[in-house]
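In the working numbering, the protein residues as written are 54 to 619.
Glycine is no exception: its CB is placed at the ideal position from the N, C-alpha and C atoms.
Since we're looking at a predicted model, the values are computed, not measured.
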């Protein structure tokens, strides 16, 4: 039989035996609590089943009528020679992805997920035609697996929406490492590693509004990362290195955002082809033949990029009305090559300025829109000629400098008075120099903590700030972070980022409804024993935030049972 949390005796023993609760709860009320818990336990309990303890094979566990919707099937380490069809809403979790194998013996789809809300994690899936396939599913997650050495694709999504593929390795597949296609919209592909495939990661064939975030695609035989025939997609924070042809390729995909990526040592770093109204911002393209390419892609914008040590920094072919400013063109053999492309703009007017050119030979002795006023302003006094039809009229004297806060993530949204918890802040140095700056985290208008940060050029880091809520009244607090501008920084809008509201509440009031009651304790008991990354774990229920919802948390809530606002 599956393991079930004994909610009723556990909660009753804890709640009804504590002196602070006994004094406040009458016998009649205790009977009501008991009945309430029994009713909840009957309707909300779920089970954990083990393979091979309870069932010999993974498929037998899925097919069993004993395994209900929402149950968890855990699989112990070993080699399972089977093809698995997940046609029931369950969580399927391997004991360790390095030692828990599903082997397809050289044929077929090894794992086929065909229903909604499936969580699949902790396996190495090898030796099939296809490794892991999510087909016609909504809100499913493929997390922390290895999908290697398959004849075609490692991980694929088809006809699916709002699914997540994160923290997987998809290597040595003869087709795609990860592919999202055939109308699979609003999916997120993040923090995956795809190497030595034909194409590392691809979103294609009308798969709109997808996000490809912080993936690593290296040494693939064709492209590193691709978007094809899919609109409104976001490609952010990826590393594309040593891919044979394109690092990042956006093809027939309008309104794409390509931001904060690194494209290093590919034939072509970032290539937009037949893709209109795209934003190419704050990327690093270096050591490629072509750094950034616009091919038949009109109305694009390129801001804050660095193209360095390429044969051609930027290549424009039949691409009109493109805007370039605040980019660094450094030590490319040819900074820019333009063919049959018209109406490009190479600056953002005065005083914002244009781009930095390592081969610019002008001086900065004057200022003003016409560069005829006394005093320097960081902009060259004469224009920088690109070709006979194009010039940067406000060339920058130094590489573009910019510090940005890119994410603020409070690890809890409800915290008990006097308790501490972490707030993760991600920041980037988008310029070309190592910078020192101060980052401060605020709750409403109050500074709660700060640190001095040293960050090298074109790198990012996430720093954990701790907010000790002692002395803060019970209330809702807006969380935001601020990075002090560095010398020469003119774009300070992204130095501030607000994200999230945290409620300081009574200790134990984990749902912040103004009272510590049975609802709070029941919600913790329901997910008792869970840790981060497991289904059901919620940071707000981990009162002391020690990484597990356990007896310490429930006991703490019991100590404050019945506390409420007047």
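Exercise. Along the chain, where does the alpha helix (DSSP H) that runs through residue 574 open and close?
Worked result: It spans 571-579 - the alpha helix (DSSP H) in which residue 574 sits, taken as one unbroken run.
Exercise. CB residue 202 to CB residue 225, shorter than 7 Å?
Worked result: With a cutoff of 7 Å on beta-carbon distance, residue 202 and residue 225 are scored as near each other.
Exercise. Relative to the alpha-carbon of residue 275, which residue among 227, 500, 421, 315 has its alpha-carbon at the smallest distance?
Worked result: Ranked by Cα distance from residue 275, the options 227, 500, 421, 315 are led by 227.
Problem set entry | Residues near residue 350 in its chain [Cβ-Cβ closer than 7 Å; skip 5 each side] | Within its own chain, the residues whose Cβ lies closer than 7 Å to the Cβ of residue 350, once the five positions on either side in sequence are excluded, are 325, 326, 327, 328, 329, 331, 372, listed in chain order.
For this session: Under 8 Å by Cβ, that's how I've got residue 597 and residue 466 pegged, so tell me the actual separation to the nearest angstrom.
Result: At roughly 16 Å, the Cβ-Cβ gap does not stay under 8 Å, so residue 597 and residue 466 are not in contact.
Exercise. Measuring CA to CA, which of 485, 499, 508, 497 is closest to residue 491?
Worked result: When each option's Cα is compared against that of residue 491, the closest is 508.
Exercise. By Cβ distance, which residues of its chain are closer than 7 Å to residue 500, with the 5 residues on each side in sequence left out?
Worked result: Taking C-beta separations shorter than 7 Å and ignoring five residues to either side along the sequence, the partners of residue 500 in its chain run 493, following chain order.
Problem set entry | Within 7 Å, strictly: CB atoms of residue 463 and residue 553 | Yes, they are a contact pair.
Problem set entry | 6 Å CB neighbourhood of residue 458 in its chain, flanking five on each side removed | For residue 458, same chain residues with a beta-carbon under 6 Å away, outside a window of 5 residues either side, are 480, 534, 536, 550 in chain order.
Problem set entry | Best match in 303, 333, 470, 125 for proximity to residue 173 [C-alpha to C-alpha] | Measuring from the Cα of residue 173, the nearest candidate turns out to be 125.
Problem set entry | Between the CA atoms of residue 336 and residue 437 - distance to the nearest angstrom | As the crow flies, the alpha-carbon of residue 437 is around 22 Å from that of residue 336.
For this session: Enumerate in chain order the residues of its own chain whose CB-to-CB distance from residue 383 is below 6 Å, with the five nearest sequence positions on each side excluded.
Result: The residues are 361, 411.
Problem set entry | Residues near residue 138 in its chain [Cβ-Cβ closer than 6 Å; skip 5 each side] | Apart from sequence neighbours up to five positions away, the residues of its chain that approach residue 138 with a beta-carbon distance below 6 Å are 165, ordered along the chain.
Problem set entry | When 196, 230, 192 are compared against residue 207, the one with the closest alpha-carbon | Nearest option by C-alpha distance: 230.
Exercise. From residue 296 to residue 317, what does the alpha carbon distance come to, in whole angstroms?
Worked result: Spanning the two alpha carbons is a distance of roughly 9 Å.
For this session: In angstroms with no decimal places, state the Cα-to-Cα distance between residue 445 and residue 343.
Result: The straight-line gap from Cα to Cα measures roughly 21 Å.
For this session: Determine the extent of the beta strand (DSSP E) in which residue 602 is found, giving its start and end residues.
Result: Element bounds for residue 602: n/a, residue is neither H nor E.
For this session: Identify whether residue 504 lies in helix, strand or coil by the three-state DSSP scheme.
Result: Of the three classes helix, strand and coil, the one that applies to residue 504 here is strand, per DSSP.
Exercise. Within this structure, are the beta carbons of residue 486 and residue 502 separated by less than 7 Å?
Worked result: Pairing residue 486 with residue 502 gives a Cβ-Cβ distance that is not under 7 Å.
For this session: Please classify residue 427: does DSSP put it in a helix, a strand, or coil?
Result: Here residue 427 carries a strand assignment [DSSP, helix/strand/coil].
Exercise. Got a sec? Which residues, its chain only, sit under 6 Å from residue 123 by beta carbon, not counting five neighbours each side?
Worked result: Same-chain partners within the cutoff: 99.
Problem set entry | Every unbroken beta strand (DSSP E) within the stretch 237-264, with a cutoff of 3 residues, ordered by chain | Fully enclosed beta strand (DSSP E) runs of 3 or longer: 241-243, 246-248, 252-257.
Exercise. Thinking C-beta only, is residue 144 closer than 7 Å to residue 588?
Worked result: Taking a C-beta distance under 7 Å as the contact criterion, residue 588 and residue 144 qualify as a contact pair.
For this session: Along the alpha helix (DSSP H) that carries residue 111, what are the first and last residues, could you check?
Result: Residues 111-116.
Problem set entry | DSSP-derived helix/strand/coil call for residue 334 | Three-state result, residue 334: strand.
Exercise. Excluding sequence positions up to five away, which residues of its chain have a Cβ less than 6 Å from the Cβ of residue 376?
Worked result: The answer, listed in chain order, is 354, 398.
For this session: Tell me whether the beta-carbon of residue 369 lies closer than 7 Å to the beta-carbon of residue 391.
Result: Taking 7 Å as the Cβ cut-off, residue 369 and residue 391 qualify as a contacting pair.
Exercise. I think residue 272 touches residue 293, with their Cβ atoms under 8 Å apart; what is that distance to the nearest whole Å?
Worked result: Not quite, the Cβ-Cβ distance comes to about 10 Å (not below 8 Å), so this is no contact.
Problem set entry | Close beta carbons around residue 75, own chain, < 6 Å, minus the five adjacent residues each side | The predicted model places residue 75 with a pLDDT of 41, which falls under 50 and marks its position as unreliable; any figure quoted below should be read in that light. Correct list: empty, nothing qualifies.
Exercise. With residue 409 and residue 452 assumed to form a contact (beta carbons below 8 Å), what rounded beta-carbon distance in angstroms separates them?
Worked result: That pair is a contact at about 5 Å.
Exercise. Which residues mark the beginning and the end of the beta strand (DSSP E) in which residue 480 is found?
Worked result: Unbroken beta strand (DSSP E) run through residue 480: 473-482.
Problem set entry | Cutoff 6 Å; reference residue 268; Cβ partners in own chain excluding five residues on either side | Only 245, 254, 291 meet the Cβ criterion.
Exercise. Distance, Cα to Cα, residue 478 vs residue 161?
Worked result: Between the C-alpha atoms of residue 478 and residue 161 there is a straight-line separation of about 44 Å.
For this session: Output the distance between the C-alpha atoms of residue 515 and residue 356, rounded to the nearest integer angstrom.
Result: Near 24 Å, if we compare the C-alpha coordinates of residue 356 and residue 515.
Exercise. Since residue 407 and residue 420 are thought to touch, with beta carbons under 8 Å apart, how far apart are those beta carbons, to the nearest angstrom?
Worked result: In this structure, residue 407 and residue 420 do not form a Cβ contact; the two beta carbons are roughly 15 Å apart against a cut-off of 8 Å.
Exercise. So what's residue 611 in DSSP terms, helix, strand or just coil?
Worked result: Helix.
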